[in-house]
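Shown next, in C-alpha cells, is the structure this report addresses.
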Amino acid sequence: MSIRRVWIEEGCIACNLCEDLVPEVFEVPAGNTCRPKKGHEAHLTGDDEMDERVQEAADSCPVEVIQLEQD
Ligand code: SF4
C-alpha cells in the first residue's frame, strides 16, 4: 500500500501536530487551518518510512480530518 493523495477535510483545529510530525507534507500557516504543503506530492513516492509518518499523522489528528488515498 502506498499513499497517493492527501487532503484535509473541514474541521481542522490547527493544533499543528501533523506539521510537527511530517513538515514535508503538512503545513499550518499562522492564523489558518492545515493544508497539504505546496510540492508535497514529491514526497509521496511510495517510500515506506514516509508513508508510515503520514499515516501516523492521520491517525493522530485529534479531529480525524486528514484523509489519505492509498493504492
Ligand atoms: S493534526 Fe489535524 S487538527 Fe491538527 S493541524 Fe493537522 S489536520 Fe489540523
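Taking the numbering used here, I'd label the letters of the sequence shown as residues 15 to 85. Glycine is no exception: its CB is placed at the ideal position from the N, C-alpha and C atoms. Everything numeric in this text was worked out from a predicted model, so none of it was measured.
Check	Outcome
ALA71, buried or exposed, once every other Cβ within 10 Å from all chains shown has been counted against 16	buried
Which of helix, strand or coil DSSP assigns to GLU41	strand
Sheet register partners of GLN84 (DSSP bridge)	ILE17
Cβ neighbour criterion (16 or more within 10 Å) applied to LYS51	buried
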